[in-house]
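Numbering (my numbering), first residue to last: 1098 to 1666.
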Amino acid sequence: GATATDLVLRVTEILRSAGVVGKFVEFFGSGISKMALADRATIANMAPEYGATMGFFPIDAETLHYLARTGRSAEQVALVEAYMKAQGLFREDNSPALEYSQTLQFDLGSVVPSLAGPKRPQDRVALSDMKQSFQASLVAPVANRGFGLDAKELSHTTTVQNNGSSVEIGHGAVVIAAITSCTNTSNPSVMVGAGLLAKKAVEKGLTVPPFVKTSLAPGSRVVTDYFDRAELSEPLAKLGFQTVGYGCTTCIGNSGPLPEPVAKAIKSGDLVAAAVLSGNRNFEGRVNPLTRANYLASPPLVVAYALAGTMDIDLETEPLGTNQNGEPVFLRDIWPTAEEIKSTVESCVLPEMFEKQYAGAFTSNEKWNAIEITPGDRYEWRESSTYIQRPPFLEGITADVTPPTAIRSARCLAALGDSVTTDHISPAGAIAQNSPAGQYLVSHHIEPRDFNSYGSRRGNDRVMVRGTFANIRIRNQMVPETEGGYTKHIPSGEQLPIYDAAMRYIANGTPLVILAGAEYGTGSSRDWAAKGTLLLGVRAVFPSSYERTHRSNLAAMGILPLQCAKGQR
């Protein structure tokens, strides 16, 4: 059956196609009354992926029901209801129709099990079409969101050797399967669905292949509480889905390294390895440096693909594996029914769980509370820190406004294509040892195993500027044969890391510009995508179209956000 994740992937596909950049998207209609608030939140939280300024649902009786279910007091719930009704903002089935500048029709009954990928969240693929779609992506041009393989390469495999055993893997091998993200892991229906599917899989004798790195990272400790109550923690753990933490993990690139034998096999075979995650974003280079194909899916489908171990499978017609008697087990044999999920949620997701976890929010983390702080009104900057440095953005700022200067004799630092995301511009994941940021950390006596991630070091501009345009999958048309953060320095003609070239230009007083195609700056509203661009000496960015938030961030940093006239590139 279809899940809330399948619904949001379809909504994302439709709205991105319709073009809602810079718009407020309100969801309305008779179908809302039958939609749980957690499902609504899943849809609203994907607003950056479908490009809207915001996506929202009106407050109604289901909102009040959710507040009560999650431990809010009766007085607080009554206050919310009274206030919203007094403001005329409370939705009821007989509420008068509103006028909108534009409306789109969407049939909830049309939603089918789906994934999205391999490179963008709006590229939805029905589960029934997944095998065919993945195979097509292998040979599709890189510029067309494919991987550019020759047909003769498709059957190539390589061997993973570990602890005396070996297994063959090929293109599409699932090496990361992660139940992750604040949105999906805050939705009890899809989380319970994953747990029930895991329980049935264990009962059937199914196991996850040894090359699949599995993880479970709920957005709330409440998930652990209701998993324990429903006796779902154990079957999930038996399949490798133990809780690794609470919060952002694989979705933002914090999956950690793959086991060395798996990484070695992927590199030696030049394989298009895959990750399947229940996150919101699957942009290139975001999840893991070694997973070129990254698919978003519901938590139950994450478990299913972990069991299958490959994207090159039709889960509607091909078995996941065999049971204890050697009989094939299909996805339909272990997929939980809607009634099973509903009854488990109703009996195991309790208000007191939320009350307990919320009550200890500021005392439960002993390590955080043990951090020593220096008393005083101002932070004491430490030159030796590789995590926090005094940012340079306010240096030289006075009360007098400095008039802008003309941009003359500028050079192009990078010429990029369409759908350049903020992850391409300022990656949040792993820091490569041979990158400018990695070399900076090595020079400060940081071992590669302690590099952490760009996201964790966003308090240090010296790391972040070196990471700007350093995504391993970005493609600069100035160096068309090279993938990654490189450019051609003019007039020397040398191919250099973008950071190194930018520093040369700054030293010579040469202003810089960035050229790009459509949908520049999609994805996270990552401020460092604009900050880092400024610190590279870029004075103007010139794409054919923008994502609204990134354009605003560029302007806020003093970078001129030019744009091609409509119809021009």
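Positions of the beta carbon are idealized from the N, C-alpha and C atoms, including for glycine. Note that the structure is predicted; figures quoted are calculated from it, not measured.
DSSP links Ile1156 through a beta bridge to Phe1187.
Ranked by how close their Cα comes to the Cα of Asn1422, the residues Asp1322, Ser1375, Glu1300, Ala1394 have Glu1300 in first place. Taking the Cα positions, Leu1164 is about 23 Å away from Ser1461. Thr1102 and Ala1144 have their C-alpha atoms some 14 Å from each other. Your pair Val1305 and Leu1404 checks out as a contact, with CB atoms roughly 6 Å apart and the cut at 8 Å. Close CB contacts of Ala1327 within its chain, under the 7 Å cut and outside five residues either way in sequence, are with Val1289, Gly1292, Thr1441, Cys1445 (chain order). Only exposed fits Glu1477, as fewer than 16 other CB atoms lie within 10 angstroms of its CB. Around Gly1514, the same chain offers Gly1614 as residues with beta carbons nearer than 6 Å, after the five sequence neighbours per side are excluded. Looking at the backbone, the Cα of Thr1321 and that of Leu1632 are separated by about 43 Å. DSSP places Lys1131 within a helical segment (H, G or I) once states are collapsed to three. Sixteen is the threshold: since fewer than 16 other Cβ atoms of the shown chains lie within 10 Å of the Cβ of Asn1241, the residue is exposed. Taken in chain order, the unbroken stretches of alpha helix (DSSP H) that lie wholly in the stretch 1580-1639 and span 4 residues or more are 1595-1604, 1625-1632.
Three or more beta-carbon pairs separated by less than 8 Å link the stretch 1145-1157 to the stretch 1180-1200, which places the two stretches in contact. Between the alpha carbons of Lys1296 and Glu1424 lies a gap of roughly 18 Å. Collapsing the DSSP output to three states places Gln1202 in coil. With fewer than 16 neighbouring CB atoms inside 10 Å of its own CB, Asp1497 falls in the exposed class. DSSP, read as helix, strand or coil, puts Asn1377 in coil. In the DSSP assignment, Leu1393 is bridged to Ala1213, Leu1374. In the pairwise beta carbon analysis, the stretch 1364-1381 is classified as not touching the stretch 1191-1204: fewer than three pairs are separated by under 8 Å. Only exposed fits Ser1130, as fewer than 16 other CB atoms lie within 10 angstroms of its CB. In this chain, the alpha helix (DSSP H) harbouring Lys1297 covers 1285-1300. Per DSSP, Arg1429 is one residue of the alpha helix (DSSP H) stretching across 1428-1431. Nearest neighbour of Gly1552 by Cα position, chosen from Ile1349, Val1319, Pro1307, turns out to be Ile1349. DSSP lists Tyr1617 as the bridge partner or partners of Tyr1643.
Around the C-beta of Ser1263, fewer than 16 other C-beta atoms lie within 10 Å, and the residue is accordingly described as exposed.
In this structure Thr1109 does not touch Pro1210 by the C-beta definition: roughly 15 Å separates them, more than the 8 Å allowed.
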